[in-house]
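According to the numbering used here, numbering within the sequence shown proceeds without interruption in unit steps and concludes at 201. Note that CB positions come from ideal geometry on N, CA and C, so glycine has one too.
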Amino acid sequence: MEIAVTKTRRNPSLALVEDTLDALTRLDANAVLANFADEVVWLSPPLPLMRGKNTVERGVRLLVWALRAYGYRDAQFAVDGDRVFVERVEDLSLGPFTIELPVSSVIELRDGKVIAWRDYYDSITFLLNLLRSRSASA
Numbered sequence: 064m065e066i067a068v069t070k071t072r073r074n075p076s077l078a079l080v081e082d083t084l085d086a087l088t089r090l091d092a093n094a095v096l097a098n099f100a101d102e103v104v105w106l107s108p109p110l111p112l113m114r115g116k117n118t119v120e121r122g123v124r125l126l127v128w129a130l131r132a133y134g135y136r137d138a139q140f141a142v143d144g145d146r147v148f149v150e151r152v153e154d155l156s157l158g159p160f161t162i163e164l165p166v167s168s169v170i171e172l173r174d175g176k177v178i179a180w181r182d183y184y185d186s187i188t189f190l191l192n193l194l195r196s197r198s199a200s201a
């Protein structure tokens, strides 16, 4: 008996967002930036709003430089056309600190590129987890 195997075709918007997050887990700034349009807007408070690929490139390269490791888990995705919503827990290693941070993002795409990436998280949770990480490493 022959069993037919079919590959599930991923939604292209979802695939681009997953590929971008996966590139970040490898700390591969070039792969992250390859998915961004020239007119990209990146918002990740408390950092200032960044407009344009050249400005975003500096932010991404600074982030990758500062991170010892990045991971995400428990990701939930919702796709509405060229808009992807992502809820996840990020594991960030910054210098001696390891921080767990719940994050939600809204990513907008056009012509197979990210034109807007907006991250939302609670700054108090970030600071408390930073303090906990510092006390745990002391």
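Between which two residues does the alpha helix (DSSP H) holding Asp85 run? Walking along the sequence shown from the start, residue 85 turns up at place 22. Boundaries of the alpha helix (DSSP H) harbouring Asp85: 75–88, taken from the DSSP string.
Ile187 classed as buried or exposed, judged by whether at least 16 other C-beta atoms fall within 10 angstroms: As a first step, residue 187 is located in the sequence shown; it is residue number 124 there, counting from the start. By the Cβ neighbour-count rule, Ile187 is exposed, with fewer than 16 other Cβ atoms within 10 Å of its own.
So what's Leu172 in DSSP terms, helix, strand or just coil? In the sequence shown, counting from the first residue as 1, residue 172 sits at position 109. Strand, per DSSP.
Consult DSSP for Ser156 and reduce its assignment to one of helix, strand or coil. Here residue 156 refers to the residue found at position 93 when the sequence shown is read from its first residue. If DSSP states are grouped into helix, strand and coil, Ser156 belongs with the strands.
What would DSSP say about Gly144, mapped onto helix, strand or coil? Taking the sequence shown and counting its residues from 1, the one referred to as residue 144 is at position 81. When secondary structure is reduced to three states using DSSP, Gly144 falls in the coil class, being assigned neither helix nor strand.
Would you decide whether Leu87 is buried or exposed? Buried here means 16 or more other CB atoms lie within 10 Å of its CB. Reading the sequence shown from its first residue, position 24 is the one you call residue 87. Classification for Leu87: buried.
Take the Cβ of Trp180 as the centre, count every other Cβ of all protein chains shown within 10 Å, and call the residue buried at 16 or more, exposed below. The residue given as residue 180 occupies position 117 in the sequence shown. That one is buried.
Which of helix, strand or coil does DSSP assign to Lys70? Residue numbering aside, residue 70 sits at position 7 when the sequence shown is read from its first letter. With a pLDDT of only 43 at Lys70, under the threshold of 50, the placement of this residue in the model should not be trusted, and no figure is reported.
State the Cα-Cα distance for the pair Val169 and Arg124, rounded to the nearest angstrom. On the sequence shown, residue 169 is found 106 positions in, with the first residue counted as 1. On the sequence shown, residue 124 is found 61 positions in, with the first residue counted as 1. Pairing Val169 with Arg124, the inter-Cα distance amounts to about 21 Å.
Identify the continuous alpha helix (DSSP H) that holds Leu126 and give its terminal residues. To locate residue 126, count along the sequence shown from 1; it is residue 63. Taken as a continuous stretch (DSSP letters only), the alpha helix (DSSP H) holding Leu126 covers 116–129.
For Glu153, is the classification buried or exposed, using 16 other Cβ atoms within 10 angstroms of its Cβ as the cut-off for buried? In the sequence shown, the residue the question calls residue 153 occupies position 90. Counting Cβ neighbours within 10 Å, Glu153 comes out buried, since at least 16 surround it.
Contact between the segment 80–97 and the segment 133–147 (3+ Cβ pairs under 8 Å): Yes, they touch.
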